[in-house]
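Take the sequence shown: its letters are residues 4 to 286, numbered as in the numbering used here. All C-beta atoms, glycine included, are put in the ideal place defined by N, C-alpha and C. Being a predicted model, the structure only gives us computed values, none of them experimental. Let me begin by presenting the structure, written as structure tokens, before commenting on it.
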Amino acid sequence: MTQSTQDHAPDRERMRRALRLGNRVYQDVDHEMGAWLDIDRDSRVLDAGCGVGGMATVLASRAGALVAIDLDPEHVRETGERIEEAGLSGTASTRVDDITALDDPDGSFDLVWCSRVIHHLPDMLDGVRELARVAKPGGTVAIREGGLGFRVLPDEIGVGGRWFEDRLAAAGVGRFSPPRNAENGRTPYPFGWSQLLIDAGLTDVRGKTFTFDSLSPLTDDEQAWIEFHWRRWLTHDESRAALSDEDAEVIETLLDPDSPHYMFARSDLHLRSATTVYTGIKP
């Protein structure tokens, strides 16, 4: 393990924890998406950027064969464990691979699934073109991108002024992703996700948004999911710099079990979010 890898290991483990939490919280939504995608026991599927395997097991339970790949060996290892635990190792396999330069031949898959990876790529269009390359003619490329971030509080919470989560959303714009320009090695693409699929040569492009709702009392996983993301505002340097001191204090107060404003003692929480899947057909 290199020094650089050691330096980033805690961040990667925190990310894996977030992925695990997200998979558990949104597992019903993942199954809805799996049912909506056009796959069956005759389908060969690629999960390109499988993370810790939440969607891989959903897809493998419906497909005839699944290949799950990720650039992170730990993600691949954990996905393999989840596939085995689900009793799906007979039809699913895993490997380390780069979605910008896949090892698969042209036209290998009936469905190529890619969840929340494309926006990280230096050149998003080239990335989708590579996904399209390994899809069969008549096959589908599906990307999960966009949607709406989660909200949980009412507008009026009795501390820190109204519309607290609106202020968080405004502060969060651009904090995780540098601008797309040549100076930072990212190719500009000033268009939407549907246009991206069209420009990659796909046809019959569609989009569907899947919603999630949960009212108080929230589950332990839902509470942990919210707390993970909100504490990151306080512990991540760029996030904290984007936040006002007043709103940082509000987060501390809301997450303090001894505070009269402790959010998880409220009976009016409503965790809701929306995630969008865009699909296109390879001619």
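Straight-line measurement puts the Cα of G67 at about 7 Å from the Cα of D43. In this structure, F153 lies away from A21, with their beta-carbon atoms at least 8 Å apart.
The alpha carbon of R234 has as its nearest neighbour, out of L218, D223, G90 and V253, the alpha carbon of V253. For the beta strand (DSSP E) assignment, the uninterrupted runs of no fewer than 3 residues enclosed by the segment 202 to 271 are, from N- to C-terminal side, 206 to 218. Taking L218 as reference, the option from S270, T238 and A244 with the minimal CA-CA separation is S270. Burial is judged here by how many other beta carbons sit within 10 angstroms of a residue's own beta carbon; S242 has at least 16 and is buried. Straight across, the Cα-Cα distance linking H273 with D14 is about 29 Å.
Straight-line spacing of the CA atoms in G90 and G83 works out to 11 Å. In the structure shown, D169 adopts helical secondary structure according to DSSP, grouped into three states.
Proximity to A277 across H239, D259 and T214 peaks at T214, based on C-alpha coordinates. Beta-bridge analysis with DSSP links T97 to A71. Exclusion of the five residues before and after D216 leaves H273, L274 and R275 as the residues of its chain whose Cβ lies within less than 8 Å of its Cβ.
Two segments are said to touch when three or more pairs of C-beta atoms, one from each, lie closer than 8 Å; by this definition the segment 157 to 171 does not touch the segment 130 to 149. In this structure, A145 and T282 form a Cβ contact; the two beta carbons are roughly 5 Å apart against a cut-off of 8 Å. Per DSSP, A51 is one residue of the beta strand (DSSP E) stretching across R47 to A51. The beta-carbon distance between T190 and P125, rounded to whole angstroms, is 6 Å. This is short enough to meet the 8 Å contact definition. Taken through DSSP and simplified to helix, strand or coil, D33 comes out as helix.
Shortest Cα-Cα distance from K285 to any of D207, G93 and D50 involves D207.
A straight-line Cα-Cα distance of about 23 Å links S92 and L24. In this structure, the CA atom of T256 is about 27 Å from the CA atom of Y29. Given a length threshold of 4 residues, the segment 131 to 168 has no whole run of the alpha helix (DSSP H) inside it. Boundaries of the alpha helix (DSSP H) around I86: P76 to E88.
In the DSSP secondary-structure assignment, L114 is bridged to V48 and T143.
Pairing S118 with G52 gives a Cβ-Cβ distance under 8 Å. Between L62 and D101, the C-beta spacing is not below 8 Å.
DSSP, reduced to helix, strand and coil, places G57 within a helical segment of the structure shown. Taking each of P157, S247, M127 and K211 in turn and checking the Cα distance to H264, the smallest one comes out for P157.
If you ignore the 5 residues before and after D107, its C-beta comes within less than 6 Å of the C-beta of V137, all in its own chain and listed in chain order. Around the beta carbon of G188, fewer than 16 other beta carbons sit within 10 angstroms, so the residue counts as exposed.
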